[in-house]
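Novice: Starting off with a structure, shown below.
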Amino acid sequence: MNAVEKTITIARAQEINTMLESMARSLISSNPNIESLALIGMRTRGEFIARRLQILIKKFSDIELPMGVLDVSFYRDDTRAKLKQPLVQSTEIRFNINERPLVLVDDVLFTGRSVRAAMDELMDFGRPSRIQLAVLIDRGCRELPIQSDIYGKKITSEMNDKVKVCLEEYDKIDEITLIKGS
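Letter by letter, the sequence shown follows residues 1 to 182 of this note's numbering.
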């Protein structure tokens, strides 16, 4: 770790669960026709957050929402600009999204570029009636006019900070940290 870096714990497992429960309840209350909704998780951690939301929504409303997974690797403008070869995984949407309300789910909302890429890719699959954005952490610092509709926690951060979301399904631990000045 760099001498100027400082790691701050934002949330551990219990608080993450509380945030997800709140997000699930908000999705239910803000969508009167919840049964028509579908969840789309952005790879990688957004997929696991969407799956947890799907389980919680079923627990709270007895409605199991369809869920898909989106890989935006080829749609990212910042990846193309840096000429990096993205690690491409599959997009899995096995239902019709035309005229259907969707909830796009990701771990962190930062500049808005991943969300823009996700919306571009979704339009290649059809035209949803509406897209809501649900994120575990909304950290500000936008480069694009994109905002979260549902979030677990809003934090203040600087452009050179890093928010690290670890999830049990992928990282073997539930924890969110802010690394200052990274």
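Where is the CB? At the ideal position from N, CA and C, for every residue including glycine.
Please report the straight-line C-alpha distance between R127 and E92, rounded to a whole angstrom.
Specialist: 16 Å
Novice: If you reduce the DSSP assignment to three classes, tell me which class M67 lands in.
Specialist: strand
Novice: From E99 to M123, what does the alpha carbon distance come to, in whole angstroms?
Specialist: 12 Å
Novice: By Cβ distance below 7 Å, which residues in the same chain neighbour K154 in space, the five residues on each side in sequence not counted?
Specialist: D138
Novice: Please confirm if the stretch 4 to 13 is in contact with the stretch 21 to 35, defined as three or more CB-CB distances below 8 Å between the two stretches.
Specialist: no
Novice: Can you grab the Cα-Cα spacing for the pair E21 / L53, in whole Å?
Specialist: 8 Å
Novice: DSSP has D138 in a bridge; who is on the other side?
Specialist: Residue pairing by DSSP puts D138 in a beta bridge opposite L109 and K154.
Novice: Please confirm whether V108 and V72 have their CB atoms less than 8 Å apart.
Specialist: Against a cut-off of 8 Å, the Cβ pair of V72 and V108 comes out as no contact.
Novice: Going by C-alpha distance, which of S148, V103, F95 and P145 is nearest E47?
Specialist: V103
Novice: For I179, I'd like the list of residues in its chain whose CB is within less than 7 Å of its CB, leaving aside the five on either flank, ordered along the chain.
Specialist: E5, T7, D161, K162 and K164
Novice: Output needed for I63: all residues of its chain with C-beta closer than 8 Å, excluding positions within five of it in sequence on either side, in chain order.
Specialist: Here the set comprises I34, E35 and I57.
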